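One structure is given below, encoded as structure tokens.
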Amino acid sequence: MNKTVLVTGATSGFGRAVALKFAKNGYNTIITGRREERLLELKNEIESSTNSLAHHLTFDVRNKKEVKNAIVSLTENWKSINVLVNNAGLASGLDKIQDGDTEDWDKMIDTNVKGLLYVSKEVIPLLESTGNGHIINIGSTAGKEVYERGNVYCASKHAVDAISKGMRIDLLQMGIKVTQIAPGAAETEFSQVRFHGDKEKARDAYKGYQPMSAEDIAEVAYYTTTLPPHLCINDLVMTSLAQASSHYIHRKP
Ligand code: NDP
Ligand code: 8X3
Numbered sequence: 194m195n196k197t198v199l200v201t202g203a204t205s206g207f208g209r210a211v212a213l214k215f216a217k218n219g220y221n222t223i224i225t226g227r228r229e230e231r232l233l234e235l236k237n238e239i240e241s242s243t244n245s246l247a248h249h250l251t252f253d254v255r256n257k258k259e260v261k262n263a264i265v266s267l268t269e270n271w272k273s274i275n276v277l278v279n280n281a282g283l284a285s286g287l288d289k290i291q292d293g294d295t296e297d298w299d300k301m302i303d304t305n306v307k308g309l310l311y312v313s314k315e316v317i318p319l320l321e322s323t324g325n326g327h328i329i330n331i332g333s334t335a336g337k338e339v340y341e342r343g344n345v346y347c348a349s350k351h352a353v354d355a356i357s358k359g360m361r362i363d364l365l366q367m368g369i370k371v372t373q374i375a376p377g378a379a380e381t382e383f384s385q386v387r388f389h390g391d392k393e394k395a396r397d398a399y400k401g402y403q404p405m406s407a408e409d410i411a412e413v414a415y416y417t418t419t420l421p422p423h424l425c426i427n428d429l430v431m432t433s434l435a436q437a438s439s440h441y442i443h444r445k446p
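Numbering (the numbering used here), first residue to last: 194 to 446.
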């Protein structure tokens with residue numbers, strides 16, 4: 194029987210690539226996000242290009258009720274989840290703290306921290322029932338170091354770092370693996386969202402070096418699930434060769 198992965202934020206970037214990677218490797222996928230058209234398109238791509246099934250759930254991770262209703266709506270054949278990839282997230286704005294927009298702050302904290310918690314709360318019982326559950330939380334190098342203007346985004350990803358450690362401790366006796374993947378810069382829609390749709394600023398974020406791709410993150414996320422049952426990668430920081438830390442990116446002129 195196929196295993197099942199639930200991926201949040203599957204309409205774009207890492208989440209989309211992760212869903213496709215797992216589907217290509219025989220997993221049925223539960224794909225989630227707010228943009229339903231994109232979920233339907235991805236479901237179609239998965240089912241036409243792999244032997245796996247896809248089921249989509251459209252909800253906003255910030256809305257506790259929507260999260261609960263979506264997970265409760267799963268039929269029995271989708272209720273045994275082996276892997277949860279908590280990926281949905283965003284940076285909104287890149288301002289000094291004194292210039293920050295409280296709307297941006299709410300979005301980041303509500304999505305990256307509270308959303309991850311709401312989804313985990315509903316899915317953990319389904320993971321436990323499989324006897325071999327695995328949670329992969331997508332953190333960031335921003336959860337390891339703080340950089341200028343990163344303030345609240347960095348705080349939200351530091352929270353993911355702490356929550357991942359807490360989950361690992363609390364879920365120990367349930368035998369659920371918890372892996373945090375903390376990527377550096379990767380080219381997705383991330384910077385367009387961060388700069389509120391300003392495509393030129395988004396492009397500049399990747400100028401002069403080769404960032405990672407969404408497929409790079411998907412490759413590594415899938416790898417962490419291929420280890421023997423007694424092994425768990427707890428925390429994995431990954432960057433492109435051009436990036437040494439949040440502060441050091443080697444850009445060619
Ligand atoms: P994208 O903007 O390409 O994708 C973000 C995904 O998150 C989309 O599918 C979006 O779906 C979903 N999402 C955002 N807000 C919500 C919400 N309220 N409810 C449900 N889904 C939501 O960015 P990435 O793929 O790059 O980002 C994925 C994760 O990786 C994020 O957590 C990000 O912080 C993290 N990250 C990104 C890095 C990068 O450089 N790209 C580096 C390190 C970490 P929809 O809008 O349809 O709801
Ligand atoms: C995204 C990477 O460097 O913009 O988490 O914080 S960075």
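Heads up, the beta-carbon is just placed ideally off N, CA and C, and yes, glycines get one too.
For clarity, every value in this text was computed on a predicted model and none was experimentally measured.
*Buried or exposed: where does I405 fall if 16 or more other Cβ atoms within 10 Å of its Cβ makes it buried?*
Residue mapping note: residue 405 aligns to position 212 of the sequence shown, counting from 1. Rather than Ile, the amino acid found at residue 405 in this sequence is Met. It is buried - the Cβ of M405 has at least 16 other Cβ atoms within 10 Å.
*Contact check, I223 vs K236 under 8 Å by CB: the rounded distance?*
Here residue 223 refers to the residue found at position 30 of the sequence shown. Here residue 236 refers to the residue found at position 43 of the sequence shown. With 8 Å as the limit, I223 and K236 do not qualify as a contact, their Cβ atoms being about 10 Å apart.
*Kindly give me the distance between the Cβ atoms of T204 and L232, rounded to whole angstroms, as I take these residues to be in contact under 8 Å.*
What you label residue 204 is simply residue 11 of the sequence shown in a count that begins at 1. What you label residue 232 is simply residue 39 of the sequence shown in a count that begins at 1. 6 Å between Cβ atoms; contact.
*Any non-hydrogen atom of the ligand 8X3 within 7 Å of A284 CB*: Reading the sequence shown from its first residue, position 91 is the one you call residue 284. At least one heavy atom of the ligand 8X3 is nearer than 7 Å to the Cβ of A284, so yes.
*Report buried or exposed for R209, applying the criterion of at least 16 other Cβ atoms within 10 angstroms of its Cβ.*
One-based indexing of the sequence shown puts residue 209 at position 16. When all chains shown are included, R209 counts as buried.
*Can we count F383 as close to the ligand 8X3, meaning its CB is less than 7 Å from some heavy atom?*
Taking the sequence shown and counting its residues from 1, one reaches residue 383 at position 190. For the ligand 8X3, at least one heavy atom lies less than 7 Å from the Cβ of F383.
_If you follow the alpha helix (DSSP H) that I223 is in, where does it begin and where does it stop?_
Looking up residue 223 in the sequence shown gives position 30. Note, I223: premise wrong, no alpha helix (DSSP H); beta strand (DSSP E) at N221 to G226.
*Note down, in chain order, each residue of its chain lying with its Cβ closer than 7 Å to the Cβ of E321, except the 5 sequence neighbours on either side.*
Your numbering for residue 321 matches position 128 in the sequence shown. If we look at E321 and ignore the five residues flanking it on each side, its Cβ neighbours are M367 and I369.
*In terms of residues, what are the limits of the beta strand (DSSP E) holding L235?*
The sequence position of residue 235 within the sequence shown is 42, counting from 1. Segment E229 to S242 is the alpha helix (DSSP H) holding L235; no beta strand (DSSP E) there.
*Option in V430, I426 and E238 with minimal Cα separation from A212*: One-based indexing of the sequence shown puts residue 212 at position 19. Among V430, I426 and E238, the Cα nearest to that of A212 belongs to E238.
*Shortest alpha-carbon distance to C347 belongs to which of E393, D363, G282 and A414?*
By one-based count along the sequence shown, residue 347 stands at place 154. Checked all of E393, D363, G282 and A414; the closest Cα to C347 is G282.
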